[in-house]
Amino acid sequence: MKNLSVFYEWIAKFYDLLDVFYFCNESTSPRKALEELVPEGEMHIADICIGTAVNSIRIAKKHPAAHIVGVDRSKEMLRMARKKLNKEGISNIKLYYGSADNIKIEDNVFDIAVLSLVLHECTEVQARNILKEAYRILKADGKLLIMEWEEPRKLFRRVMFGIIRRMKPKEFENFLKMDMKEYMRKNGFEIIKMKHCDYSRVLECRKVG
302 MKNLSVFYEW IAKFYDLLDV FYFCNESTSP RKALEELVPE GEMHIADICI GTAVNSIRIA
362 KKHPAAHIVG VDRSKEMLRM ARKKLNKEGI SNIKLYYGSA DNIKIEDNVF DIAVLSLVLH
422 ECTEVQARNI LKEAYRILKA DGKLLIMEWE EPRKLFRRVM FGIIRRMKPK EFENFLKMDM
482 KEYMRKNGFE IIKMKHCDYS RVLECRKVG
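Basically this note's numbering = 1-based index in the sequence shown + 301.
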């Protein structure tokens, strides 16, 4: 993951442009779909690879009683996230520097774990270790929410998606072809809900086994 870390240190300042070009329609945005899967109440949420905290900020605003912990190994991403939190006056998100496959958090403490645009960049081993950590930190009845790229069918969107494709590592192509139900089952989760959004899909998963 070293090369990816360098990449995200460089791209952090421009990362939020994804929402301008790909997720700008609020009604079909994966950000909105993910946010709506979070129940009301005092939820404890782990945003694994929080990036610039786009999802967590939305969740924090909609669910002010939620307690959110964000972890990322990009210091620049965390710097950008912290700047946004300060600007928005958000206090229910705590940011930590760390690796997604070795989270310094106790077992079975979170109601929800979020993985947004993470797995497609990982090798099989890296993804397995990240999902293993998500499984470990979730409560028995906890939910894993996943937001991931999905290849569109319409021609213009396929052209736009080609830009994303060229920026991604070789693992991206294999990920797009995966049977997600089988993939998640092998990693200890069952998909209980799937929503197709702009250039993406959002999964709600529960722990099994």
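Every residue gets a Cβ at the ideal spot worked out from N, C-alpha and C, and that includes glycine.
Check, Outcome
"Taking the alpha-carbon positions, what's the residue 392 to residue 499 distance?", "30 Å"
"Mind checking which residues open and close the beta strand (DSSP E) that includes residue 445?", "439-450"
"Is it the case that the Cβ atoms of residue 426 and residue 349 are separated by a distance below 8 Å?", "no"
"Which residue marks the beginning of the alpha helix (DSSP H) containing residue 454, and which one marks its end?", "Premise fails: residue 454 is in no alpha helix (DSSP H) and is neither H nor E."
"What number of angstroms, rounded off, separates the C-alpha of residue 386 from the C-alpha of residue 396?", "10 Å"
"Would you kindly check if the distance between the Cβ of residue 335 and the Cβ of residue 445 is under 8 Å?", "no"
"Beta-carbon within less than 7 Å of residue 303's beta-carbon, same chain only, minus the 5 sequence neighbours each way: which residues are those?", "Confidence at residue 303 is low in this model, with a pLDDT of 47, below 50, so its placement is unreliable and the value that follows should be read with caution. Closer than 7 Å at the Cβ level, and outside the excluded window around residue 303, lies no residue."
"Count the CB pairs spanning the stretch 397-405 and the stretch 417-434 that are closer than 8 Å, and state whether there are at least three.", "yes"
"Would you say residue 501 and residue 461 are within 8 Å of each other, going by their C-beta atoms?", "no"
"Taking a contact to mean a Cβ-Cβ separation below 8 Å, would you say residue 380 touches residue 359 in this structure?", "no"
"Does the beta-carbon of residue 326 have 16 or more other beta-carbons within 10 angstroms, so that it is buried, or is it exposed?", "exposed"
"Going by Cα to Cα distance, which pick from 357, 318, 404 and 323 is closest to residue 450?", "323"
"Tell me whether residue 418, by its Cβ, gets closer than 7 Å to a heavy atom of the ligand FAD.", "Among the ligands in the structure shown, none appear at all, so the ligand FAD cannot be discussed."
"Which of the three DSSP states, helix, strand or coil, is assigned to residue 303?", "Any answer about residue 303 is weak, because its pLDDT of 47 lies below 50 and its placement is not dependable; what the coordinates show is given next. Helix at residue 303."
"Can you tell which of 442, 394 and 388 has the C-alpha that lies nearest to the C-alpha of residue 409?", "442"
"Quick one, which of 375, 483 and 510 has its alpha-carbon nearest residue 316's?", "375"
"By DSSP, does residue 495 sit in helix, in strand, or in coil?", "strand"
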